[in-house]
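In this note's numbering, the protein residues as written are 29 to 309.
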């Protein structure tokens, strides 16, 4: 049994992912962006996609617009090609991460670069502060081998995508919310403590195995929303655990959201649609 100490973050809510589809019919599990958890400032959406059946993902995500936020795609397995209306193109492969800042607007597609085999990964939507919603679009894209794998003890490893864990600093930089994004793997019964900045919204999603955070069991496919504190204590179950730990500074700003646009007012949403239909994104 884990004893709570000052600074430990406790689970305040458990949320099960809900099956849905998006794009041209890609089947996925929506974890944030549901009735149970519409958002967790500054996080707007978290989807897990994963299937061995190409019919569940092959249609992909044809051309669609974004404005006012960031998309973070993390590929566990498979290959996804992205193209946009600014001339950018690339392939995100197993272990790779793309942090795209849509800013004032972009139209892009994300299409599977495979017709067989397993595709699995996550997409996170991160809000932008009002002062940056109309910034120029940009990409930060990293192949799997560009991430340092931290292994401070036997049976434990951490892939730091953004933020810091020990001496490792994730390659994603220059993000307004000062994010922490870690893929944590724990062997059976292994426990690990991770620092998280006080005042930041934080969550952990168990995508394989099972874990405990403090005195709360978090089964596979479940998101644990965490209360405030300066650290998270995670203990794997008897099958081990694979966990995403994600945190960031809340923006505390009004949110106007409709489809692929996230702004601060309804008038700004209307302008986003007008700009899209006029070809100005």
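Here a beta-carbon is modelled for each residue, glycine too, at the ideal position from N, C-alpha and C. If you're wondering where the values come from, they're calculated on a predicted model, not measured in any experiment.
- Of all alpha-carbon atoms in 291, 294, 279 and 296, the one lying nearest the alpha-carbon of residue 69 is that of 279.
- The continuous beta strand (DSSP E) containing residue 92 extends over residues 89-94.
- For a cut-off of 8 Å, the C-beta gap from residue 261 to residue 36 is around 6 Å, short enough to register as a contact.
- When the Cα atoms are used, residue 173 and residue 125 turn out to be separated by approximately 11 Å.
- The beta carbons of residue 156 and residue 96 sit about 6 Å from each other, so the pair counts as a contact at 8 Å.
- Under the 10 Å beta carbon count, residue 305 is surrounded by fewer than 16 other beta carbons and is classified as exposed.
- Taking a 10 Å sphere around the C-beta of residue 275, we find 16 or more other C-beta atoms and assign the residue as buried.
- The C-beta of residue 91 has fewer than 16 other C-beta atoms within 10 Å across all chains shown, which makes the residue exposed.
- When secondary structure is reduced to three states using DSSP, residue 111 falls in the strand class.
- Contact between residue 229 and residue 257 does not hold, since their C-beta atoms are separated by about 12 Å, which reaches or exceeds 8 Å.
- The alpha-carbon separation between residue 40 and residue 137 amounts to approximately 36 Å.
- Here DSSP, grouped into helix, strand and coil, assigns residue 283 to coil.
- The DSSP assignment places no complete run of the alpha helix (DSSP H) inside the segment 33-63 (cut-off: 4 residues).
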